[in-house]
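Have a look at the structure below before the remarks.
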Amino acid sequence: MSAEAGGRLFFPRWANLARPALAVALVVVPAYLVLLLAYGASPRTINVGYQPHQPVPYSHALHAGQLGIDCRYCHTTVEKAAFAAVPPTQTCMNCHSKIRAASAKLLPIRESYATGLPVPWVKVHDLPDFVYFDHSAHVRRGVGCVECHGRVDKMEVVAQVHRLSMGWCLDCHRQPDRHLRPPELVTKMEWVPPEDPLVYGRRLREATKINPSTDCWTCHR
Amino acid sequence: MSTVPLPLLEAAEDPRTRPPLVLGDNDFASVTDKVCGIVERPRPPIAWYIAFAISSALTALLVAMLGYLFLAGIGVWGLNIPVGWGFDITNFVFWVGIGHAGTLISAILFLFRQKWRTGINRFAEAMTIFAVICAGMFPAIHTGRPWFDYWLFPYPNQMQVWPNFRSPLIWDVFAVSTYFTVSLMFWYTGMIPDLATLRDRATTRLRRIVYGVLSLGWRGSGRHWHRYERVYLLLAALATPLVLSVHSVVSFDFAVSQLPGWHSTIFPPYFVAGAIFSGFAMVLTLLIPVRSFFHLEELITTRHLENMAKITLATGLIVAYSYGIEFFMAWYSGNPYEKFTLANRALGPYAWAFWIVLFCNVVVPQALWFKRPRTTPWMLVGISILINVGMWFERFVIIVTSLSRDFIPSSWGYYKPTWVELCTLAGSFGLFLTLFLLFLRFGPMIAMAEIKSVMPAAGLERGPHRGHGQYWGEIPHQHERRQEEGQP
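And the structure:
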């Protein structure tokens, strides 16, 4: 059949290509969607594994892990304020004025102590500016540090472990049981619940009347 | 033309016979010539150009207003607490309502075998499509940040946030998008045989290609017709519930809330009747000038107009009854807020709008009880335009009076539209008319294939092949050619 039989245009023979093209589309479109989702969910896109270079080779694995210093020794405001304070140089010098006082690795600390200029630490867990997050609200209700920050006590250089996306936050706000512990144990990195975490967490939640809000203005104020 | 004369069917006044749906000395070929002729003129008439210039200027105004709105924000409208819905949602409900007549004509009248629908269904369906396009625009732009409009749809996202499925606003998204999809499919499917006719008669290469592609390879074979009729019937069955459901869902936007004047179980049927009422008025408003301008009085007869006028009257009475029931319920329920709201509608700051509604929607349609207004085109146009005005104001009154004065007098307010809102409304009419004029120019505005099935000429007992055309449609001038060759 020609394209213009008797002056009328029916579909020419090449229009039959539409069928294989449809078949190809049925393969290509899902593949594209899968790739799109894979890219969208890849750690690189969502910042998981973000591990910026810090001005001082400070090891959480050494201090919090091997030496067992409590998180709150340095991050003092975590139970009282929205922001978990980054310690001032003076906190470092509490020990390092005596211990390894001459170490080359500590040169920036001593410089900062002498000049009064703060050490330019690079923030790792950086939420968007339109998100309000309160450390004290979580820590005092028994959400362990490890739930969001991962095993910091094993990190030489701190890296981001979780997505910190809105959906990730909501996962916990909607079903907090698995992430709850007695508030006095929040900094214990290796703590495991004594029974099924869902049952244990549920009991804690009911006892302490934890009822996480999922209203927009809880986080977006 | 062929020579066998049909007995002139002037039986319209005889109540024992059904009056003919196509008047005059028309056969299949002349119907095709008439309808295709409008599209095939090398140039549209000068009046078309004038109308198009006006409507596209209004569309440009709409684009400018939307640009200003997006740049400056929703503050350029007169909306403010307590009135958060004003012209935007009024226009939305108005335009969605307009569409309903098209679906009623094309689907419900089809299922009820109302043969007179064939003359007007294509026209009314086109009106539906264009009205729903105008309607869909308003919820999209009233969100304030229209670039996030995709949030209206439920899709998996990293925020794990979904639309509130218990809110009628999301039902609305589904109702209107379903309505648009089904209406478009219905309109297009019905048009395929006619597009093929245009293709077969095309004289330019461009037309051959465009209509050729659009008619999807239609050859008019028995198998094609069989499948076509099946699909058409299925789509009619699919579209029929939409006539009732879409505007019911739109009414839930109000009825599900707890505002006095909105929180009412009568809203769904009341809105559906109003939608069909306003839709038929709009069909009449558009159809009558087009009919006389393109000399289609033989295909769209006075009887068509009269039937539409009767439906307009019937639905208008339902609307009037609903107005009455609203007041009755306000009194009978004993709810002081409801009572206040209804009294405030009739006597408060927006009383002027309320009385426009009452005059246009209750008083004016009563003229349709009489035969003379029903059968006099200019009177029908006048009545229809007044009904359109009235139905627009009805939505305005429902939305704005309830919002402006609710439970707490300290939070009362008065809403006035800004010039931006007025221009946007005018612009939406411009968009509607522009699409419509383009359709008149490039599409078959009367369902030729269907109208032939209700012509007496379809009865073969009337003699040999009076303009029946060829198997796959008409070929221009075949009659003359045959006569020259001495064939019957």
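Here the protein sequences line up with chains A and B, keeping their order. Counting from 127, one number per residue, gives the positions in the first sequence under the working numbering. Counting from 37, one number per residue, gives the positions in the second sequence under the working numbering. Idealized CB from N, CA, C, for every residue including glycine. These figures come from a predicted structure and were not determined experimentally.
For Arg111 (chain A), which residues of its own chain have a beta-carbon under 8 Å away from its beta-carbon, when the five flanking residues on both sides are left out? The shown model of chain A, from 127 to 347, leaves out residue 111 (chain A), and the question about it has no answer.
Assuming contact is defined by CB atoms lying nearer than 9 Å, are Thr454 (chain B) and Val112 (chain B) in contact in what I supplied? Taking the C-beta atoms as reference points, Val112 (chain B) is found nearer than 9 Å to Thr454 (chain B).
First and last residue of the uninterrupted alpha helix (DSSP H) at Ala137 (chain B): Following the DSSP letters along the chain, one finds Ala137 (chain B) inside the alpha helix (DSSP H) bounded by residues Phe123 to Thr139.
Would you identify the three-state DSSP class for Leu306 (chain A), choosing helix, strand or coil? Looking at Leu306 (chain A) - three-state DSSP - the assignment turns out to be strand.
Whole angstroms are fine: how far does the CA of Phe222 (chain B) sit from the CA of Ala65 (chain B)? Distance between the alpha carbons of Ala65 (chain B) and Phe222 (chain B): 25 Å.
Would you mind telling me which residues of chain B sit closer than 9 Å to Gly293 (chain A), beta carbon to beta carbon, in chain order? Close to Gly293 (chain A), with beta-carbon spacing below 9 Å, are these residues of chain B in chain order: Asn193, Gln194, Met195, Gln196 and Val197.
Which residues mark the beginning and the end of the alpha helix (DSSP H) in which Asp69 (chain B) is found? Residues Phe64 to Glu76.
Following the continuous alpha helix (DSSP H) through Met221 (chain B), name the residue where it begins and the one where it ends. Here the alpha helix (DSSP H) through Met221 (chain B) covers Pro204 to Arg237.
Apart from the five residues just before and just after Arg441 (chain B), which ones in its own chain have a Cβ nearer than 6 Å to its Cβ? Around Arg441 (chain B), the same chain offers Asn380 and Trp448 as residues with beta carbons nearer than 6 Å, after the five sequence neighbours per side are excluded.
For the alpha helix (DSSP H) that Val275 (chain A) lies in, which residues bound it at each end? Correcting the residue identity first, residue 275 (chain A) is His in this sequence and not Val. Residue range Cys271 to His275 is occupied by the alpha helix (DSSP H) that includes His275 (chain A).
Neighbour list for Gly253 (chain B) in chain A, Cβ cutoff strictly below 7 Å: Near Gly253 (chain B) (Cβ distances below 7 Å), the residues of chain A are Phe136 and Phe137.
Start and end residues, alpha helix (DSSP H) containing Ala226 (chain A): It is Arg, not Ala, that sits at residue 226 (chain A) in the sequence shown. Neither: Arg226 (chain A) is in no alpha helix (DSSP H) and is coded neither H nor E.
Closest Cβ-Cβ distance between Tyr264 (chain B) and chain A: below 9 Å? With 9 Å as the cut-off, Tyr264 (chain B) does not count as an interface residue toward chain A.
Would you say Arg54 (chain B) lies against chain A (beta-carbon separation less than 9 Å)? Not closer than 9 Å to any Cβ of chain A, the Cβ of Arg54 (chain B) fails to qualify, so no.
Given 8 Å as the limit, tell me if Leu378 (chain B) has its C-beta closer than that to any heavy atom belonging to the ligand HEM. Ligands are entirely absent from the displayed structure, and the ligand HEM is therefore not among its contents.
Determine the extent of the alpha helix (DSSP H) in which Ala87 (chain B) is found, giving its start and end residues. Segment Ile82 to Ala108, the alpha helix (DSSP H) holding Ala87 (chain B).
Smallest Cα separation from Glu334 (chain B): which of B:Ala275, B:Asn62 and B:Pro55? Measuring from the Cα of Glu334 (chain B), the nearest candidate turns out to be B:Asn62.
Residues that Leu159 (chain A) contacts on chain D, provided the C-beta gap is smaller than 8 Å: Although the question refers to chain D, the structure presented lacks it and instead comprises the protein chains A and B.
Which chain B residues are close to Leu188 (chain A), counting only those with a beta carbon under 8 Å from its beta carbon? Identification of chain B residues near Leu188 (chain A) by a Cβ-Cβ cut-off of 8 Å yields none; the smallest Cβ-Cβ distance measures about 35 Å.
Are any of the Cβ atoms in chain A nearer than 9 Å to that of Ala387 (chain B)? Chain A, which has no Cβ nearer than 9 Å to the Cβ of Ala387 (chain B), makes this no.
Assuming Ala317 (chain B) contacts Asn424 (chain B) under a Cβ cut-off of 8 Å, what Cβ separation, rounded to an integer in Å, is found between them? About 5 Å separates the two Cβ atoms, so the contact holds.
Do Leu311 (chain A) and Arg331 (chain A) have their CB atoms nearer than 9 Å? Taking 9 Å as the cut-off, the beta carbon of Leu311 (chain A) is found no closer than this to the beta carbon of Arg331 (chain A).
Go ahead and label Met195 (chain B) buried or exposed: buried means 16 or more other beta carbons lie within 10 angstroms of its beta carbon, across all protein chains shown. So Met195 (chain B) counts as exposed.
Do Phe288 (chain B) and Trp207 (chain B) come within 9 Å of each other at the CB atom, strictly closer than that value? Their beta carbons are under 9 Å apart, which means Trp207 (chain B) touches Phe288 (chain B) by this criterion.
Counting only beta-carbon separations shorter than 9 Å, does Ala238 (chain B) have a partner in chain A? Using a CB distance cut-off of 9 Å, Ala238 (chain B) counts as an interface residue toward chain A.
CB contact flag (Ala207 (chain A), Asp260 (chain A), <9 Å): Their beta carbons are under 9 Å apart, which means Ala207 (chain A) touches Asp260 (chain A) by this criterion.
What does a CB cutoff of less than 8 Å around Ala309 (chain B) pick up in its chain, not counting 5 residues either side in sequence? The residues Thr351, Ile354, Val355 and Ser358, in chain order, have a CB closer than 8 Å to that of Ala309 (chain B) in the same chain once the five nearest residues on each side in sequence are set aside.
Between B:Tyr104, B:Ile228, B:Gly370 and B:Ser420, which lies nearest to Arg255 (chain B) when the distance is taken from Cα to Cα? Looking at the Cα atoms, B:Ile228 is the closest of the given residues.
Looking at the unbroken alpha helix (DSSP H) that takes in Lys375 (chain B), where does it start and where does it end? From DSSP, the alpha helix (DSSP H) with Lys375 (chain B) extends over Pro372 to Leu383.
Checking 9 Å against the spacing of the C-beta atoms, do Pro413 (chain B) and Arg339 (chain B) come in under that value? For the pair Pro413 (chain B) and Arg339 (chain B), the CB atoms are not nearer than the 9 Å cut-off.
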